[in-house]
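To start, the structure under review is shown below, and the notes come after it.
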Amino acid sequence: MRRTTSTPSSLPCRPIGRTMQPACRGPSTGDCSPRRRIHVVHSAHALPWLGKLPEELLDANSPAYNKGRVYYIGAPGQVIDAYAAQFAKDTAMFLSALGKEAVSGGIMVLLMPGRANGIAHSCVLSDVMFDLLGLCLMDMAKEGKTSEALVDSFNVPVYTPSPEEMTASETGVDGLAAAHACMLHLRAGVEGLVSKHFGSKIVDELFDRFLEKEGQGIIRPYKFGLYSRMPTSRCAKA
1 MRRTTSTPSS
11 LPCRPIGRTM
21 QPACRGPSTG
31 DCSPRRRIHV
41 VHSAHALPWL
51 GKLPEELLDA
61 NSPAYNKGRV
71 YYIGAPGQVI
81 DAYAAQFAKD
91 TAMFLSALGK
101 EAVSGGIMVL
111 LMPGRANGIA
121 HSCVLSDVMF
131 DLLGLCLMDM
141 AKEGKTSEAL
151 VDSFNVPVYT
161 PSPEEMTASE
171 TGVDGLAAAH
181 ACMLHLRAGV
191 EGLVSKHFGS
201 KIVDELFDRF
211 LEKEGQGIIR
221 PYKFGLYSRM
231 PTSRCAKA
């Protein structure tokens, strides 16, 4: 996990007493601030993004091989375990680095999507959207508009943790009113990934298909701001 900072060359360089220093997570560790100097740490929507995808997701000989899917909903337990393990590793590295840079008694504010303890991933809106995106890609592969091999080699590098998982690393959202808002939210986050892997030619049709599937009721409101395409009785299972 490497966090980097930059200062526009056009800005004058002069000493100042207090600064706000931007930082971003990356695949390797590295200090970007003096030790014990940061009083307030704020991270918005960065932690769920994995530093790297678990290699076993692409290994046809592994029980965690995620063939025919781009996410972990409906996948064998080994796939979810691989995602969870990578998230735990990344988060531990992130917190360890910040622990060296933050002052004693400092404040850390983490803003991120999550799921309640005991709630299945299949009952979380963001997880279901990624799963639905995978269904659309598989449909397009069957129609010859992309290849199944490309789908098999593509996994969304995002994990939705629970409070228990965040605690282990030591450290109700209102439902979206419209399907279009869901699609725009998803597209803003993953269009770059999709375009890079599959090419930009299929992007518009892919998200049009997402809207069509949503119109079939695949995503429906669920209590406490969670969403599910499964019976309510199954949403309390891990």
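Each residue of the sequence shown is one higher than the last, beginning at 1 in the working numbering. Where a beta carbon is used, it is the ideal one built from N, C-alpha and C, also for glycine. Remember, predicted model here, so these are calculated numbers, not experimental data.
Only buried fits Glu-214, as 16 or more other CB atoms lie within 10 angstroms of its CB. Between Val-158 and Ser-126, the gap from beta carbon to beta carbon is short of 9 Å. 9 Å or more divides the Cβ of Gly-74 from the Cβ of Asp-139. DSSP places Ser-195 in the helix class (H, G or I) of the three-state scheme.
At a Cβ-Cβ threshold of 9 Å, Asp-152 and Gly-77 do not count as neighbours. Given a length threshold of 4 residues, each whole run of the alpha helix (DSSP H) inside the region 39-109 is given here in chain order: 77-101. The DSSP-derived three-state label of Val-128 is helix. Distance check between Ala-168 and each of Ala-44, Asn-117, Lys-142 places Asn-117 closest, using alpha-carbon atoms only. Comparing alpha carbon positions, the residue from Glu-56, Ala-84, Ala-120, Ala-141 closest to Arg-209 is Ala-141. Excluding sequence positions up to five before and after Arg-187, its CB lies within less than 6 Å of the CB of Phe-207, all in the same chain and listed in chain order. Leu-111 counts as exposed, since fewer than 16 other C-beta atoms from the protein chains shown sit within 10 angstroms of its C-beta.
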